[in-house]
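Remarks on the structure that follows.
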Amino acid sequence: MDCVLRATGLTKRYHGNPALDNLNLELNQGRIIGLLGPNGSGKTTFIKMAAGLLTPTAGELTICGEKIGPASKAMVSYLPDRTCFSKQRKVTELLDFFGDFYQDFDRSRAEQMLTALGIDPGARMRTLSKGTQEKVQLVLTMSRRARLYLLDEPIGGVDPAARDYILNTIINNYDPSATVLISTHLISDVERVLDEFVFLYQGKVIQKGEADAVREETGKSLDELFREVFKCLPNC
Amino acid sequence: MNWKFAGDRPLYQQIMALIRGAILRGELPPGGKIPSVRDLAAEAQVNPNTMQRAMTELEREGLLVSGGTSGRTITEDSEILEEMRDGALRELAQECAEKFMVFGITPTQAAQLLLNLEKEREEM
Chain A
171 MDCVLRATGL TKRYHGNPAL DNLNLELNQG RIIGLLGPNG SGKTTFIKMA
221 AGLLTPTAGE LTICGEKIGP ASKAMVSYLP DRTCFSKQRK VTELLDFFGD
271 FYQDFDRSRA EQMLTALGID PGARMRTLSK GTQEKVQLVL TMSRRARLYL
321 LDEPIGGVDP AARDYILNTI INNYDPSATV LISTHLISDV ERVLDEFVFL
371 YQGKVIQKGE ADAVREETGK SLDELFREVF KCLPNC
Chain B
69 MNWKFAGDRP LYQQIMALIR GAILRGELPP GGKIPSVRDL AAEAQVNPNT
119 MQRAMTELER EGLLVSGGTS GRTITEDSEI LEEMRDGALR ELAQECAEKF
169 MVFGITPTQA AQLLLNLEKE REEM
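First to last, the protein sequences are chains A and B.
The numbering of the first sequence is the working numbering, which starts it at 171 and goes up by one.
The numbering of the second sequence is the working numbering, which starts it at 69 and goes up by one.
Laid out in structure tokens, this is it:
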């Protein structure tokens, strides 16, 4: 299986405090992976590093063999944990931006998804509800034909119907040549779409595996396993 | 199909059981076409790899037949269908027996309860 992301000894310190601590991880092609951990475990730091927004203090990180830089960014589609577009922009203008910035942006696909959601491309972002703004951002992220999708807390703070929509979008856009990394602490909501999980704690990978294999071996859901593993650890 | 899953058992096994159930109930008739993995995954809201695994396992059991590009169909082989039916019923009986055993009721006592139930129905 082709390795899409490889982190070796990856470390990030903020004023001496490690957010990522000698982290080693390999993500393979065609998988949907949950990056799971309590608040402050390093999920967002890791994702931002893979997206090229933060530089490591030490260690190495490659995307499809490329070091983080323009070449890796061209292959990575990143959904931040908050909306980042100017509220003054119309949805069509955002589509133009994505078309200009990313060669792999499939505009017709984005338009189809917006139509299915009943979002008027002529609307300005500020006239849309917060939930709809988040959906627009997800549509743009998933409309790139990337090798790696990084979704930081895509289901935090949305209602159950929107959550279903988001999970369906991830499933419908599944591409066997791409990998999707979803960070969240709402495990029970995402676990049925995951192939694999990675438990992060204090900047380290403390457990990882195949979702169905864990259910088979332990008779527990990922959510139950998560509660059990993190119950015993301090500062959770 | 009613895609409801328990969190504590492998999803692919639960999908297999749901499909077997639908065949037993006649919702999916022998020889009938099965939607694509992609469509089924979207409908069940599960990972396409998990759905693929369930389909491959059912194919190995002989319950589903791969038709190449035309997709999968349910087998028309009555022997395989009968075997699956027996297996599913045995599993149901096993489950039922275990539930009775929790209350200290033996399968013989449970069978008597079932017979009583049947009799009451007849009298109604």
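Cβ coordinates follow ideal geometry from the N, Cα and C atoms, glycine included.
For A:Ser-358, no beta strand (DSSP E) segment is defined; the enclosing uninterrupted segment is the alpha helix (DSSP H) at 357-360.
DSSP places A:Thr-349 within a strand segment (E or B) once states are collapsed to three.
A:Phe-367 carries a strand assignment under DSSP once its states are collapsed to helix, strand and coil. A straight-line Cα-Cα distance of about 20 angstroms links A:Ala-220 and A:Pro-346. Interface residue (Cβ-Cβ distance to chain B less than 7 angstroms): A:Ile-238 is not classified as such. In the DSSP annotation of this structure, the continuous segment of the beta strand (DSSP E) that includes A:Gly-229 starts and ends at 228-233.
Per the Cβ contact rule, the stretch 351-369 of chain A is in contact with the stretch 195-202 of chain A (3 or more Cβ pairs under 8 angstroms). Taking each of A:Arg-362, A:Tyr-344 and A:Val-309 in turn and checking the Cα distance to A:Arg-317, the smallest one comes out for A:Tyr-344.
With fewer than three CB-CB distances shorter than 8 angstroms, the stretch 173-190 of chain B does not count as touching the stretch 131-141 of chain B.
For B:Ile-102, the closest of B:Ser-134, B:Gln-113 and B:Phe-171 by C-alpha to C-alpha distance is B:Ser-134.
Below 8 angstroms, too few C-beta pairs join the stretch 182-193 of chain A and the stretch 329-345 of chain A to call them touching: fewer than three.
Not a single C-beta of chain A is nearer than 7 angstroms to the C-beta of B:Gly-139. For B:Arg-77, the nearest CB of chain A lies under 7 angstroms from its own CB, placing it at the interface with that chain. Sixteen is the threshold: when 16 or more other Cβ atoms of the shown chains lie within 10 Å of the Cβ of A:Lys-218, as they do, the residue is buried. Contact between the stretch 281-297 of chain A and the stretch 306-313 of chain A is established, with three or more Cβ pairs separated by less than 8 angstroms. Not a single C-beta of chain B is nearer than 7 angstroms to the C-beta of A:Ser-347. Looking only at A:Gly-301, A:Val-363 and A:Ser-242, the smallest Cα-Cα distance to A:Gln-273 is reached by A:Ser-242.
C-alpha of B:Asn-117 to C-alpha of B:Cys-164: approximately 32 angstroms in a straight line. Inclusion of A:Leu-180 and A:Pro-226 in the CB contact set at 7 angstroms is warranted, their separation being smaller than that value. For A:Val-306, the enclosing alpha helix (DSSP H) starts and ends at 300-312.
Shortest Cα-Cα distance from A:Thr-297 to any of A:Leu-364, A:Val-261 and A:Val-246 involves A:Val-261. Of the residues assessed, A:Tyr-184 falls on the exposed side of the cut-off, its CB having fewer than 16 other CB atoms within 10 angstroms.
A Cβ of chain B is located within less than 7 angstroms of the beta carbon of A:Ile-202. At the C-beta level, A:Ile-202 and A:Leu-337 stay beyond 7 angstroms of one another. Annotation: the continuous beta strand (DSSP E) that includes A:Glu-196 extends over 187-198.
For the stretch 110-125 of chain B, the beta-carbon criterion of a distance under 9 angstroms to any beta-carbon of chain A is satisfied by Ala-110, Ala-112, Gln-113, Val-114, Asn-115, Pro-116, Asn-117, Thr-118 and Arg-121.
According to DSSP, B:Glu-191 shares a beta bridge with no other residue.
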